[in-house]
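Report on one structure; see the data block that follows.
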Amino acid sequence: AQSVSQHNHHVILSEAASLELGCNYSYGGTVNLFWYVQYPGQHLQLLLKYFSGDPLVKGIKGFEAEFIKSKFSFNLRKPSVQWSDTAEYFCAVSPLLFINDYKLSFGAGTTVTVRA
Amino acid sequence: EPEVTQTPSHQVTQMGQEVILRCVPISNHLYFYWYRQILGQKVEFLVSFYNNEISEKSEIFDDQFSVERPDGSNFTLKIRSTKLEDSAMYFCASSGKAGKYFGPGTRLLVL
């Protein structure tokens, strides 16, 4: 079974600071990788995903993530955060079993607090 | 943009009662899922559903749980006899070519 670990439980930054959230996974086979965001009181929203191809993926709201296969990592980045980026961020992994079938294993989540 | 919807948004029930959580997945998706998130814990996979049957389920998904797609649009999760530890946020999801999308969740509180 796959597992996902997120390095930071809580990150506090000031506006305009750069953000990087670490995510490592363990799984022997090919995976699909996702980052989801959960704003306070809202549901999980897909930020970005990696299926194949260019390991640097760009998502919504200025986020990007880089898949480094040799390190089993999929770190999330944003060069300049805003107060509205305050949320909980979840890394998730799905084995590539069937097309369009993604059984996700989630990391524990990282709470990001951006101070104005 | 199409989205997954869930009803109700909140449900309070007494221990031992049956609850049904409802979901309307994105219309052209073929895979459906339920996840739950107990307060302060990880989001956990419960069950996946494809072609009108369960394709995979976790250890959490015991005999108290069942899923159904009663018509062409709804996807339901039934908990037959709720326990205190079933209190959680329950997320429905569906997936297609573009990825997996979650509903807003139903917050279930068992008293």
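Protein chains in written order, with this note's numbering: chain F, 2 to 117; chain R, 2 to 112.
We treat Cβ as the ideally placed atom computed from N, Cα and C, and that holds for glycine.
Reducing DSSP to helix, strand and coil, say where D102/F ends up. strand
Does the pairing of the stretch 60-68 of chain F with the stretch 21-41 of chain F give three or more beta-carbon distances under 8 Å? yes
Given that a residue counts as buried once 16 or more other Cβ atoms are within 10 Å of its Cβ, and exposed if not, what is S28/R? exposed
Counting only Cβ pairs nearer than 9 Å, list the residues of chain F close to E54/R. Within 9 Å Cβ-Cβ: nothing; E54/R doesn't reach chain F, min ~13 Å.
Under the three-state DSSP convention, the category K59/F falls into: strand
Can you name the residues that DSSP bridges to I61/R? Beta-bridge pairing links I61/R to no other residue.
What are the residues that DSSP puts in a beta bridge with C97/R? It should be pointed out that residue 97/R corresponds to Gly in this sequence rather than to Cys. Per DSSP, G100/R.
Is any beta-carbon of chain R found at less than 8 Å from that of D86/F? no
C-beta neighbour in chain F for K101/R, strict 8 Å: yes
If we cut at 8 Å on Cβ distances, does L31/R have a partner in chain F? yes
In this structure, how does DSSP classify E86/R when only helix, strand and coil are distinguished? helix
Report yes if the CB atom of P80/F is closer than 8 Å to the CB atom of G30/F, and no otherwise. no
Bridge partners for S4/F per DSSP, in chain order? S27/F
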